[in-house]
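In my numbering, the protein residues as written are 267 to 751. Positions of the beta carbon are idealized from the N, C-alpha and C atoms, including for glycine.
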Ligand SMILES: [Zn+2]
């Protein structure tokens with residue numbers, strides 16, 4: 267009797283396992299087959315274009331995304347949330363005069379106060395403490411031009427953020443009128459950046475084309491004197507409403523348990539936000555569409571989040587976590603896909619090592635595409651952040667750099683830089699992981715949401731304070747206004 271029962275249970279279990287494996291295979295096949303992922307991306311980038319949060323094109327993108335989910339037959343919600351204040355660059359121009367007269371190409375960093383400024387231009391070296399010591403009192407009231415290392419990949423980006431963050435503190439202490447960074451990428455490429463204080467930034471901070479900055483520096487190194495006049499024009503305003511777009515496929519067995527995957531819909535506007543992050547927005551839509559189209563019924567609810575306000579400090583995903591409150595206890599996994607279109611070769615597990623073995627299991631249907639390696643580093647810098655700080659198990663997809671570092675936030679982040687072949691495979695990988703987590707047997711979910719002490723321990727063991735300060739999210743956490751209470 268016992269053996270018959272156990273035989274029946276085993277058989278039942280295997281049948282359900284088999285169905286779920288089958289579903290994963292079906293979904294992977296659908297993702298790899300003909301889908302409109304490229305057409306969607308082209309519409310988003312080439313028709314709508316750059317989509318800074320608060321801009322008209324951003325709202326167009328929201329409507330576009332709502333329509334895409336609706337057309338796919340996926341339930342969709344336009345979730346409003348507040349952004350602190352409006353700042354949209356209209357134009358930034360500069361004129362250098364003195365030993366040489368020319369008009370360098372330049373852009374403002376986010377939230378530089380619009381105005382016309384004139385001052386002496388000084389050689390700020392690499393913007394280190396020694397450099398500011400050398401400048402001494404001369405830095406006060408001047409524009410300081412800082413050299414940067416060339417940036418080719420993601421490592422270069424983090425090095426650039428880190429160096430800029432330190433320089434910004436030193437520049438404020440020295441009482442500069444403004445800070446100008448040499449662009450880290452050559453061929454007159456310009457790109458957008460937030461400053462360390464984001465919405466509290468009070469000084470003009472700019473990025474000057476690498477070649478133009480070098481021309482200035484060569485003059486300054488020969489002790490020739492230069493003046494600079496800068497004109498920053500921007501649309502500004504107070505608090506305003508932005509929207510996340512959240513598609514949902516309700517779970518068939520455990521609808522209150524949620525797997526959420528997301529990419530940010532907003533971008534900067536020098537380029538068209540293709541690698542950052544249009545490609546993964548079209549991926550989210552396509553995964554939802556293919557689950558719906560194939561009739562697959564995930565056990566748990568899957569949400570497809572297109573976040574807004576990410577570039578200013580993950581405001582959309584923060585608002586979502588705030589809105590969910592206690593319901594985050596039932597979010598078994600939150601994933602962010604935000605590192606471009608290079609091939610995915612693993613995941614960051616953000617202090618939740620226990621997800622690694624499950625990842626290996628759910629990646630089985632896409633094993634052919636990679637020898638996946640996971641890293642238990644905690645990522646600060648994208649929409650996993652508030653889930654991580656709320657103690658929700660979270661993942662960030664790790665990609666080959668491909669064009670990501672070179673085009674990051676820049677005028678050249680356009681459709682033609684997207685690795686379309688990898689994007690397609692990546693969509694199959696993310697689909698397999700998402701469905702895998704949504705269908706996991708209960709006994710495989712060995713983790714729980716962390717409490718504040720556990721999150722605090724993560725902050726300490728992974729030494730997150732510097733990065734959190736660098737992205738202006740430290741204070742709110744430390745004061746208990748953001749993250750797990
Ligand atoms: Zn991004």
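Outcome for residue i when other beta-carbon atoms lying within 10 angstroms are tallied against a minimum of 16
{"i": "residue 501", "result": "exposed"}
{"i": "residue 598", "result": "buried"}
{"i": "residue 631", "result": "buried"}
{"i": "residue 418", "result": "exposed"}
{"i": "residue 357", "result": "exposed"}
{"i": "residue 649", "result": "buried"}
{"i": "residue 404", "result": "exposed"}
{"i": "residue 382", "result": "exposed"}
{"i": "residue 375", "result": "buried"}
{"i": "residue 643", "result": "exposed"}
{"i": "residue 377", "result": "buried"}
{"i": "residue 610", "result": "buried"}
{"i": "residue 506", "result": "exposed"}
{"i": "residue 659", "result": "buried"}
{"i": "residue 569", "result": "buried"}
{"i": "residue 441", "result": "exposed"}
{"i": "residue 723", "result": "exposed"}
{"i": "residue 270", "result": "Residue confidence for residue 270 is low, a pLDDT of 41 falling below 50, so the modelled location carries little weight and cannot support an answer."}
{"i": "residue 634", "result": "exposed"}
{"i": "residue 578", "result": "buried"}
{"i": "residue 672", "result": "buried"}
{"i": "residue 279", "result": "Legend: pLDDT at residue 279 = 44, less than 50; position of this residue unreliable, value from coordinates given subsequently. Exposed, by the Cβ-count rule."}
{"i": "residue 273", "result": "Its pLDDT being 40, under 50, residue 273 is placed unreliably by the model, and nothing is read from it."}
{"i": "residue 567", "result": "buried"}
{"i": "residue 355", "result": "buried"}
{"i": "residue 371", "result": "buried"}
{"i": "residue 453", "result": "exposed"}
{"i": "residue 523", "result": "buried"}
{"i": "residue 691", "result": "buried"}
{"i": "residue 224", "result": "Absent from the model: residue 224. The displayed extent of the chain is 267 to 751, so no value can be given."}
Contact test: residue i Cβ vs ligand 1 heavy atom, cutoff 7 angstroms
{"i": "residue 542", "result": "yes"}
{"i": "residue 665", "result": "no"}
{"i": "residue 426", "result": "no"}
{"i": "residue 604", "result": "yes"}
{"i": "residue 319", "result": "no"}
{"i": "residue 668", "result": "no"}
{"i": "residue 648", "result": "yes"}
{"i": "residue 576", "result": "yes"}
{"i": "residue 716", "result": "no"}
{"i": "residue 530", "result": "yes"}
Nonlocal neighbours in the same chain, by C-beta distance under 6 angstroms from residue i, ignoring five residues either side
{"i": "residue 327", "result": "314, 317 and 531"}
{"i": "residue 547", "result": "529, 531 and 572"}
{"i": "residue 291", "result": "631"}
{"i": "residue 732", "result": "none"}
{"i": "residue 716", "result": "657"}
{"i": "residue 296", "result": "556 and 560"}
{"i": "residue 339", "result": "558"}
{"i": "residue 496", "result": "360 and 383"}
{"i": "residue 301", "result": "552"}
{"i": "residue 373", "result": "358, 456 and 473"}
Cβ neighbours of residue i in the same chain (closer than 7 angstroms, five flanking residues each side left out)
{"i": "residue 622", "result": "615 and 640"}
{"i": "residue 336", "result": "342"}
{"i": "residue 241", "result": "Residue 241 is absent from the structure shown; the chain starts at 267 and stops at 751."}
{"i": "residue 708", "result": "none"}
{"i": "residue 437", "result": "410 and 445"}
{"i": "residue 738", "result": "462, 463, 464 and 579"}
Cut-off 8 angstroms between Cβ atoms - residues of its own chain near residue i, not counting five sequence neighbours on either side
{"i": "residue 493", "result": "362, 363, 364, 384, 385, 386 and 387"}
{"i": "residue 443", "result": "383, 385, 407, 408, 409, 469 and 470"}
{"i": "residue 369", "result": "359, 360, 361 and 362"}
Any chance the segment 695 to 702 sits against the segment 623 to 637, with 3 or more Cβ pairs inside 8 angstroms?
Yes, since at least three Cβ pairs between the segment 695 to 702 and the segment 623 to 637 fall closer than 8 angstroms, the two stretches touch.
Just checking, does the segment 559 to 576 make contact with the segment 511 to 531 on the three C-beta pairs under 8 angstroms criterion?
These segments touch.
So, does the segment 667 to 679 touch the segment 742 to 750, judging by three or more C-beta pairs under 8 angstroms?
Short answer: they don't touch.
Could you tell me whether the segment 579 to 587 touches the segment 534 to 545, where touching means 3 or more Cβ pairs closer than 8 angstroms?
In this structure the segment 579 to 587 does not touch the segment 534 to 545; the number of beta carbon pairs closer than 8 angstroms is below three.
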